[in-house]
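First the structure, in the form of structure tokens, and then the observations on it.
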Amino acid sequence: DIQMTQSPSTLSASVGDRVTITCRASQSVSKWLAWFQQKPGKAPNILIYDVSRLQGGVPSRFSGGGSGTEFTLTISSLQPDDFATYYCQQYVTFPWTFGQGTKVEIK
Amino acid sequence: QVQLVESGGGVVQPGRSLRLSCAASGSTFSRFAMHWVRQAPGEGLQWVAVMSHDGINEYYLDSVKGRFTISRDNSRNTLYLQMNSLRPEDTAVYYCATSPGIALAVGPPFEYWGLGTLVTVSS
């Protein structure tokens, strides 16, 4: 199975900050990498797929990058609605696997 | 756009069975591969199983293989998860979710999600 490791596990930031979350895969996932946002008690919501494709309706302050085994999710200017938990996920091979999550908290 | 609604969760004793359903509306259910994803209380997301749009191919998480069975009825726009020999570690919110295909397909994975249904396995 491909292991996905996110860092940091928790991130404290302020509104307006630029925030970057890193995701590392135990083997190459090529372009098959997505990012999700989840708020308490809600289903996840897809932000980015194929490493850097922004899902329709997602604000442009979210961006994704990387290749192979190392990927990033960047929020260019953190907004109050962005405080949530973020997950990376690979879909190159089954079992599809998620990172353990990064909780973005208010500083 | 597609709307998904899960049902069938509840409290069940270890070793017993439960069947979850996921009813779809609003779009063409039969064009999506369908997944079950679970989330234990306070934990992260874990993919459980997938079935191709035509019901021919299916894959499972190793820890549920032989105990869980995914199926779908495209005439009823419904996805199912039959869960047998349940264990306490199966306790989670179970979500159904879509993807455009079962492998390396064009488009986002898990574009649409249901609200989830809670399964609690406890004596």
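Chains as they are written, first to last, in our numbering: chain G, 1 to 107; chain V, 1001 to 1123. We put the CB at the ideal spot given by N, CA and C, even for glycine.
Between the options, which lies nearest to residue i when the distance is taken from Cα to Cα?
i, options, result
"V:Thr-1117", "V:Ser-1007, V:Gln-1003, V:Val-1002 and V:Gln-1001", "V:Ser-1007"
"G:Ser-30", "G:Tyr-91, G:Gln-100, G:Pro-59 and G:Ala-43", "G:Tyr-91"
"V:Leu-1045", "V:Met-1051, V:His-1035 and V:Ser-1052", "V:His-1035"
"G:Gln-27", "G:Thr-85, G:Thr-102, G:Phe-71 and G:Glu-105", "G:Phe-71"
"V:Ser-1030", "V:Leu-1018, V:Pro-1041 and V:Met-1051", "V:Met-1051"
"G:Pro-44", "V:Thr-1120, V:Pro-1109, V:Ser-1123 and V:Pro-1088", "V:Pro-1109"
"V:Ala-1033", "V:Tyr-1112, V:Thr-1120 and V:Ser-1123", "V:Tyr-1112"
"G:Ser-76", "G:Leu-11, G:Val-58 and G:Gly-16", "G:Gly-16"
"G:Cys-88", "G:Pro-40, G:Ser-14, G:Ser-9 and G:Trp-35", "G:Trp-35"
"V:Glu-1089", "V:Ala-1097, V:Gly-1010, V:Pro-1014 and V:Ala-1024", "V:Pro-1014"
Considering only their Cβ atoms, is the gap separating residue j from residue i smaller than 8 Å?
i, j, result
"V:Leu-1079", "V:Cys-1022", "yes"
"G:Gly-99", "G:Gln-6", "yes"
"V:Val-1106", "V:Pro-1100", "yes"
In or out: residue i buried (at least 16 other Cβ within 10 Å) or exposed?
i, result
"G:Gly-101", "buried"
If I measure Cβ to Cβ from residue i and keep anything under 7 Å in the same chain, skipping five residues before and after, which residues do I get?
i, result
"G:Asp-1", "Pro-95 and Thr-97"
"V:Thr-1069", "Gln-1082"
"V:Ser-1063", "none"
By Cβ distance below 6 Å, which residues in the same chain neighbour residue i in space, the five residues on each side in sequence not counted?
i, result
"V:Arg-1067", "Asn-1084 and Ser-1085"
"G:Ser-63", "Thr-74"
"G:Thr-22", "Ser-7 and Thr-72"
"G:Ser-12", "Glu-105 and Lys-107"
Only counting the same chain, and skipping five residues up and downstream in sequence, which positions put a Cβ closer than 8 Å to that of residue i?
i, result
"G:Arg-65", "In the sequence as displayed, the identity of residue 65 of chain G is Gly instead of Arg. Cβ neighbours of G:Gly-65 beyond the five flanking positions: Val-51, Ser-52, Phe-71, Thr-72 and Thr-74."
"V:Gly-1026", "Gln-1001, Val-1002 and Gln-1003"
Could you tell me which uninterrupted beta strand (DSSP E) segments, each at least 3 residues in length, are contained entirely in the stretch 39 to 74 of chain G, listed from first to last along the chain?
-> Complete beta strand (DSSP E) runs here, min 3: 45 to 49 and 62 to 67.
Just list the beta strand (DSSP E) runs in the stretch 1034 to 1114 of chain V, keeping only unbroken ones of 3 residues or longer that don't cross its boundaries, in chain order.
-> Entirely contained in the stretch 1034 to 1114 of chain V, the beta strand (DSSP E) runs reaching 3 residues are, in chain order, 1045 to 1051, 1058 to 1060, 1068 to 1073, 1078 to 1083 and 1092 to 1099.
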